[in-house]
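Below: the structure, in structure tokens.
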Amino acid sequence: MSRLAIGLALLAAPGLATAQESSSPPVEGAFGVQNFNPAPGPQNFLSVEGARVSARSSYSLGLTLNYASDPFVVFAATCPSQPDLPRGEECPGEYELDEDHPIQVVSNQFTGDLVGTFVPIRNLQIGLDLPVTFVEGNQVDLETGTEGGALSAAGLGDPRLMGKYRFVGNGTGVGVAGSLSISIPAAEIFGQDPEENHLGSDLPTVVPRVIVDFRRDRFELATNLSGNIRSSATLYSTDVGVGLGYGLAAGYQFDARFRALAEVFGTATFSSEVDENPLEADAAIQARVQDFLFTVGGGGGVLRGVGVPDFRVIGGVLYSPVRGDVDGDGIDDRLDHCVGDPEDSDGFQDDDGCPETDNDEDGFPDGSDRCPNDPEDRDNHLDRDGCPDLDNDGDGVQDGYDSCPDQPEDRDGDRDDDGCPDNDTDGDNIPDAQDRCPAEIEDTDGFEDEDGCPEADNDHDCVLDEQDQCSDQPEDGDGFEDEDGCPDDDNDGDQINDATDKCPSLPGREEWQGCPTRNAMRDALRAPPPPPAPRVCGSPAAATPAPPPPPAVPAPAPSPPPAGAVEIEPNRLRVEGVINFRPNRTEIMPDSLPLLDQVASVMLSHPEVARVRIEGHTDNSGPRAQNLRLSAGRARAVREYLVEKGVAADRLEAEGIGPDRPVDTNETDTGRAANRRVEFNITQ
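As structure tokens, then:
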């Protein structure tokens, strides 16, 4: 017999010779030893109640049977510190139990509970429990505190009238309810002597209960807290009276038919001489067959006390008609998680039978939520309407892609997909308001850098600065080495400045004014050469007349790149060809457009290439900052062209690398040309 699995009562049996002189009667009042009281209705556990209530006008009728082994066992108790302690006085030390000679007051207990429920109005359930009990055991000799004759009795226990009301919850999530139970001392009323047979109490018992449960999908959890209000009853030192009841239960619904249950329940008492805190744990399986719910289970004691058995066997059947569709929401009650609460049929989770008051769970009830199925994004922008604001600043760039969600894009043709107003379109650090060329990057070469315009030919000598070896000194345009951009003061190298040299193309002597002979000097003085014609950029200009050009032959139209000029590799689009730009500009040369057309065609026909990063690269000529801006502008120009050709903007990104990733040496013209390039790298 386990100490932790049996009922316990303490018999103060010392000083039996003076028992008749004691002022404390050995027995006062009656109490039952049946702790298992079935929870009424189909929406509960075994003895622990859930917060759910069936639909209005629903009813149930069931029979629950349970067998308990040794629910009430007592022991003789002595006070070793004061053996002659008079009856009725408390032992100053600890009691000592004679566990070798227990008295099995109730060794076998069999109870059948006939339980019925009815729901007269929504959320209110009333119930009635009629218990019939058979007990078998041994009586206690009240004079000696020893085992007396055999005990065998059967009769009506304490019927319970119950009511439960659900305050919070609709069948899923958290539910809160309250219940009240009043038991009637039928055994006392019908003269069945409950003081001896423990079939019930001699006075009514009132049990108010708070119920909280949680249900989600197939899982359910419930907890009960109750007060057991009754008059005190005593058997020697065992005092059964007011106590605090508690219970915890869990359930799992395997499918529409089968359900598993487990629970623990107990009582904390306040009036015993020695603490008694009975605790029991039970489990069961339930099966629904049409309108009948069958239960089979069992359990036993965890902490010993009055009414806690060594083990308990439970079985029952409940008739609970499935009424089809009680709440009229079109969902069969066997599948309806919220029988009695009609589904709101708003297109959101409409197959569970439960009304969802806040579909998107954003804290705004659907009735006041302008977007009931789309949760509010809570970004401090129009957060009171329940709608996600995907584009706060209304610039057409969604907030997830908008680098400036509260500042509208200015739509000036420059980086219009980043969502930020571009106050410096070309990124040359000169605000557009002061930039005379907002779409062209200032070259920052120390010449007129404050106007925002790149000066391709600082000295206006028609030699572009990229090729001009003397960009701040104009070429003299005298027909001698005019392609280097530097003025040549002594063409013939005779140490005589061309300004005074009468024969500037022939090395001569100073006394003959730069001519090789005196006669040559005379000829030059007689017919001085005409001054050089002024240089006009884009037109031939030379110090001496040039021969007439041959008849112009129309240039052939640029042919499209051959098939295979653009190929998809694992990490890039390989482009066979060069994308050319105007010098120091972001403008794409016309002869490169057919190649970009093929890039666009490949991307449009291969959607699996989800995202491409366009990288602009330069050589190391000039300041690095200028090259970074120039390469970024050229990459953006390529991106904008591909978008115009139909490639989705979100598949393209542009980045300027500048001179930082050369593929060849920057010491030769060929290497620098290879480094000036555009790459298409696949990122997704």
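In terms of my numbering, the numbers along the sequence shown are unbroken and rise by one, the last being 893. Even glycine gets a Cβ: it sits at the ideal position worked out from N, Cα and C.
Tell me the residue span of the beta strand (DSSP E) that contains residue i.
i           : result
residue 152 : Outside the shown range of the chain (210 to 893) lies residue 152, about which nothing can therefore be said.
residue 670 : No beta strand (DSSP E) holds residue 670; DSSP gives it neither H nor E.
residue 896 : Given a span of 210 to 893 for the chain in the structure shown, any question on residue 896 remains unanswerable.
residue 861 : 861-867
residue 408 : Looking at the DSSP string, residue 408 is not in any beta strand (DSSP E), and its letter there is neither H nor E.
residue 891 : 886-891
residue 435 : 428-437
residue 549 : Per DSSP, residue 549 belongs to no beta strand (DSSP E) and is neither H nor E.
residue 469 : 467-478
residue 824 : 821-826
residue 527 : 520-528
Figure out for me which residue from the options has the closest Cα to the Cα of residue i.
i           : options            : result
residue 668 : 678, 280, 364      : 678
residue 830 : 859, 780, 674      : 674
residue 796 : 839, 661, 327      : 839
residue 431 : 470, 438, 517, 397 : 470
residue 807 : 789, 798, 785, 819 : 785
residue 521 : 384, 312, 255      : 255
residue 548 : 877, 252, 712      : 252
residue 891 : 780, 581, 340      : 780
residue 681 : 689, 690, 691, 666 : 666
residue 313 : 464, 730, 516, 474 : 516
residue 272 : 689, 261, 250      : 250
residue 793 : 787, 652, 782      : 652
residue 177 : 551, 239, 863, 664 : Coverage of the chain is limited to positions 210 through 893, which leaves residue 177 absent and any answer about it impossible.
residue 629 : 640, 638, 614      : 614
residue 267 : 309, 364, 326      : 326
So what does DSSP say about residue i, is it helix, strand or coil?
i           : result
residue 799 : helix
residue 416 : strand
residue 496 : strand
residue 874 : coil
residue 452 : strand
residue 279 : strand
residue 729 : helix
residue 719 : helix
residue 676 : coil
residue 692 : helix
residue 808 : helix
residue 359 : strand
residue 879 : helix
residue 575 : helix
residue 814 : helix
residue 239 : coil
residue 442 : strand
residue 488 : strand
residue 714 : coil
residue 858 : helix
residue 481 : The pLDDT assigned to residue 481 is 46, lower than 50, so where the model puts this residue is not dependable, and the model offers no usable value.
residue 255 : coil
residue 294 : coil
residue 758 : Only weak support is given to the placement of residue 758: the predicted model assigns it a pLDDT of 46, under 50, and the question is left unresolved by the model.
DSSP beta-bridge partners for residue i?
i           : result
residue 777 : 782
residue 373 : 334, 388
residue 346 : 315, 360
residue 656 : In the DSSP output, where bridge partners are listed per residue, residue 656 has none listed.
residue 422 : 384, 431
residue 320 : 275, 342
residue 325 : 270, 337
residue 790 : 797
Name the two residues that bound the continuous alpha helix (DSSP H) containing residue i.
i           : result
residue 303 : No alpha helix (DSSP H) contains residue 303, which DSSP labels as neither H nor E.
residue 842 : 833-853
residue 395 : 395-398
Cβ of residue i within 7 Å of any heavy atom in the ligand PLP?
i           : result
residue 708 : By its list of ligands, the structure shown contains no ligand whatsoever, and the ligand PLP lies outside what it can speak to.
>> Would the segment 819-827 count as touching the segment 693-704 if we require 3 or more Cβ pairs under 8 Å?
In response: No: the two stretches stay apart, fewer than three of their Cβ pairs being nearer than 8 Å.
> With a cut-off of 8 Å, do at least 3 Cβ pairs link the segment 278-293 to the segment 421-429?
Replying inline: Result no; under three Cβ-Cβ pairs closer than 8 Å.
> With contact counted as at least three CB pairs below 8 Å, one residue from each stretch, are the segment 243-252 and the segment 487-502 in contact?
Replying inline: In this structure the segment 243-252 touches the segment 487-502; the number of beta carbon pairs closer than 8 Å is three or more.
>> With three or more beta-carbon pairs closer than 8 Å as the criterion, would you say the segment 387-404 touches the segment 364-372?
In response: Judged by Cβ distances under 8 Å, the segment 387-404 makes contact with the segment 364-372, as three or more pairs qualify.
> Between the segment 312-329 and the segment 341-351, do at least 3 Cβ pairs fall closer than 8 Å?
Replying inline: In this structure the segment 312-329 touches the segment 341-351; the number of beta carbon pairs closer than 8 Å is three or more.
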